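Here the protein sequences line up with chains A and B, keeping their order. Using the numbering used here, you'd call the opening residue of the first sequence number 25 and step up by one each time. Using the numbering used here, you'd call the opening residue of the second sequence number 59 and step up by one each time. From the three backbone atoms N, C-alpha and C, an ideal C-beta is built for every residue, glycine too. Since the model is a prediction, treat every value here as computed from it, not as a measurement. A quick write-up on the structure given underneath.
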Amino acid sequence: GAGVSQSPSNKVTEKGKDVELRCDPISGHTALYWYRQSLGQGLEFLIYFQGNSAPDKSGLPSDRFSAERTGGSVSTLTIQRTQQEDSAVYLCASSLAPTGLAGRDEQFFGPGTRLTVL
Amino acid sequence: DAKTTQPNSMESNEEEPVHLPCNHSTISGTDYIHWYRQLPSQGPEYVIHGLTSNVNNRMASLAIAEDRKSSTLILHRATLRDAAVYYCILMVLGAQKLVFGQGTRLTINP
Numbered sequence: 025g026a027g028v029s030q031s032p033s034n035k036v037t038e039k040g041k042d043v044e045l046r047c048d049p050i051s052g053h054t055a056l057y058w059y060r061q062s063l064g065q066g067l068e069f070l071i072y073f074q075g076n077s078a079p080d081k082s083g084l085p086s087d088r089f090s091a092e093r094t095g096g097s098v099s100t101l102t103i104q105r106t107q108q109e110d111s112a113v114y115l116c117a118s119s120l121a122p123t124g125l126a127g128r129d130e131q132f133f134g135p136g137t138r139l140t141v142l
Numbered sequence: 059d060a061k062t063t064q065p066n067s068m069e070s071n072e073e074e075p076v077h078l079p080c081n082h083s084t085i086s087g088t089d090y091i092h093w094y095r096q097l098p099s100q101g102p103e104y105v106i107h108g109l110t111s112n113v114n115n116r117m118a119s120l121a122i123a124e125d126r127k128s129s130t131l132i133l134h135r136a137t138l139r140d141a142a143v144y145y146c147i148l149m150v151l152g153a154q155k156l157v158f159g160q161g162t163r164l165t166i167n168p
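Structure below.
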């Protein structure tokens, strides 16, 4: 079956430009998560959606980062005025129910979008 | 966030069992133990999870210490495809995010 898909797979942009990254979760999954992985760094949480609302935005590094989710499905992560330190692989994951609700549900990850800011 | 400690790297041979340890001495009674792995150039992949009892699935087994302060992921017969970074994560009840540490980089020798 279809897994989590992300687009684009690669994005190269110039410093100061805005970028949008898209995530299509697995159909029927109510929870959606964004993470990022910088070169040589671990995976860090950015934001979590339950349906269309984002109860946890604690991982967004600055107000240049925002995300939305529409129709309980597709999500877009927007980075405004990109900086070189934003270069990373941005990963999206979804789960059938919120992982933390019962501590059980696994998260399914997409392949990621590799963002390079020149 | 509850912490886990894993060795930075481990090495094993193909077709041999691999035991990946994880210490989580500050685990609370409602924390689930999750394992994910990340193959090169891919997103993380769920492996297994458990609460108190040992667990088996098609990918691996999870052995949880009686006091729950440590656990071991067991790959019964490693293949080259099992070479990856393995993350041991405590899933705190009510917390939605996975908190990844540095994980263990597993190398499998042919």
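>> Tell me the rounded alpha-carbon separation between Thr106 of chain A and Tyr57 of chain A.
In response: Here residue 106 of chain A refers to the residue found at position 82 of the first sequence. Here residue 57 of chain A refers to the residue found at position 33 of the first sequence. About 21 Å.
> Where does Asp140 of chain B sit, in a helix, a strand or coil, going by DSSP?
Replying inline: What you label residue 140 of chain B is simply residue 82 of the second sequence in a count that begins at 1. Three-state DSSP puts Asp140 of chain B in a helix.
> Roughly how many angstroms lie between the CA atoms of Ser51 of chain A and Gly95 of chain A, to the nearest whole one?
Replying inline: The sequence position of residue 51 of chain A within the first sequence is 27, counting from 1. The sequence position of residue 95 of chain A within the first sequence is 71, counting from 1. Distance between the alpha carbons of Ser51 of chain A and Gly95 of chain A is about 11 Å.
>> So within the stretch 65–98 of chain A, which uninterrupted alpha helix (DSSP H) runs reach at least 4 residues, ignoring any that extend past its ends?
In response: Segments of the alpha helix (DSSP H) lying fully in the stretch 65–98 of chain A: there are none.
> In chain B, which residues lie with their C-beta within 8 Å of the C-beta of Asp80 of chain A?
Replying inline: Translated into the one-based positions of the first sequence, residue 80 of chain A becomes position 56. What Asp80 of chain A touches in chain B: Gln154 and Lys155.
> Which residue or residues does DSSP assign as beta-bridge partners of Asp48 of chain A?
Replying inline: For this step, residue 48 of chain A is matched to residue 24 along the first sequence. BP columns for Asp48 of chain A point to A:Ser29.
> In or out: Val36 of chain A buried (at least 16 other Cβ within 10 Å) or exposed?
Replying inline: As a first step, residue 36 of chain A must be located in the first sequence, where it is residue number 12. It is exposed - the Cβ of Val36 of chain A has fewer than 16 other Cβ atoms within 10 Å.
> If contact means a Cβ-Cβ distance below 8 Å, which residues of the stretch 58–69 of chain A contact chain B?
Replying inline: Hits within the stretch, in order: Tyr59, Gly66, Leu67, Glu68 and Phe69.
> Closer than 8 Å, CB to CB, is Gln131 of chain A near chain B or not?
Replying inline: In the first sequence, the residue the question calls residue 131 of chain A occupies position 107. Output row for Gln131 of chain A: interface = yes.
> Per DSSP, which one or two residues make a beta bridge with Lys155 of chain B?
Replying inline: By one-based count along the second sequence, residue 155 of chain B stands at place 97. Paired residue(s): none; Lys155 of chain B is not in a bridge.
>> Is it buried or exposed, Gly75 of chain A, if we count other Cβ atoms within 10 angstroms and call 16 or more buried?
In response: Locating residue 75 of chain A in the first sequence gives position 51, counting from the first residue. Looking at its Cβ environment, which holds fewer than 16 other Cβ atoms inside 10 Å, Gly75 of chain A is exposed.
> By a C-beta neighbour count over all protein chains shown, 10 Å radius and 16 as the cutoff for buried, is Thr62 of chain B buried or exposed?
Replying inline: Here residue 62 of chain B refers to the residue found at position 4 of the second sequence. Counting the other Cβ atoms within 10 Å of the Cβ of Thr62 of chain B gives 16 or more, which makes it buried.
>> For Val39 of chain A, count the other beta carbons within 10 Å of its own beta carbon; 16 or more makes it buried, fewer makes it exposed. Which is it?
In response: Here the question's residue 39 of chain A lines up with position 15 in the first sequence. Per the sequence presented here, residue 39 of chain A reads as Lys, with Val not at that position. Exposed, since its Cβ has fewer than 16 Cβ neighbours within 10 Å.
>> Please classify Leu115 of chain A as buried or exposed, where buried requires at least 16 other C-beta atoms within 10 Å of its C-beta.
In response: Translated into positions along the first sequence, residue 115 of chain A becomes position 91. By the 10 Å Cβ count, Leu115 of chain A comes out buried.
>> On the DSSP bridge list, what partners appear for Leu63 of chain A?
In response: Counting from 1 along the first sequence, the entry for residue 63 of chain A is found at position 39. Note: Leu63 of chain A sits in no beta bridge, so no partner.
> What did DSSP end up calling Glu72 of chain B once you bin it into helix, strand or coil?
Replying inline: Numbered from 1 along the second sequence, position 14 holds the residue referred to as residue 72 of chain B. Of the three classes helix, strand and coil, the one that applies to Glu72 of chain B here is coil, per DSSP.
> Beta-carbon separation of Ala112 of chain A and Ala55 of chain A under 8 Å?
Replying inline: Numbered from 1 along the first sequence, position 88 holds the residue referred to as residue 112 of chain A. Numbered from 1 along the first sequence, position 31 holds the residue referred to as residue 55 of chain A. It is not a contact, given that the beta carbons lie outside the stated cut-off.
> Rounded to whole angstroms, how far is the Cβ of Tyr90 of chain B from the Cβ of Leu109 of chain B, which I believe are closer than 8 Å?
Replying inline: Residue numbering aside, residue 90 of chain B sits at position 32 when the second sequence is read from its first letter. Residue numbering aside, residue 109 of chain B sits at position 51 when the second sequence is read from its first letter. So it is a contact: roughly 5 Å between Cβ atoms.
> Of the choices B:Glu72, B:Met68 and B:Pro65, whose alpha-carbon is the least far from that of Pro168 of chain B?
Replying inline: Translated into positions along the second sequence, residue 168 of chain B becomes position 110. By alpha-carbon distance to Pro168 of chain B, the top candidate from B:Glu72, B:Met68 and B:Pro65 is B:Glu72.
>> Going by beta-carbon coordinates alone, are His53 of chain A and Ser99 of chain A separated by less than 8 Å?
In response: To locate residue 53 of chain A, count along the first sequence from 1; it is residue 29. To locate residue 99 of chain A, count along the first sequence from 1; it is residue 75. No, Cβ-Cβ distance for His53 of chain A and Ser99 of chain A is not below 8 Å.
> With a Cβ-Cβ cutoff of 8 Å, do Ile166 of chain B and Asp125 of chain B count as a contact?
Replying inline: As a first step, residue 166 of chain B is located in the second sequence; it is residue number 108 there, counting from the start. As a first step, residue 125 of chain B is located in the second sequence; it is residue number 67 there, counting from the start. Contact: no.
> How would you label Ser128 of chain B, buried or exposed, when you count the other beta carbons within 10 angstroms and need 16 or more for buried?
Replying inline: Position 70 of the second sequence, counting from 1, holds the residue named residue 128 of chain B. When all chains shown are included, Ser128 of chain B counts as buried.
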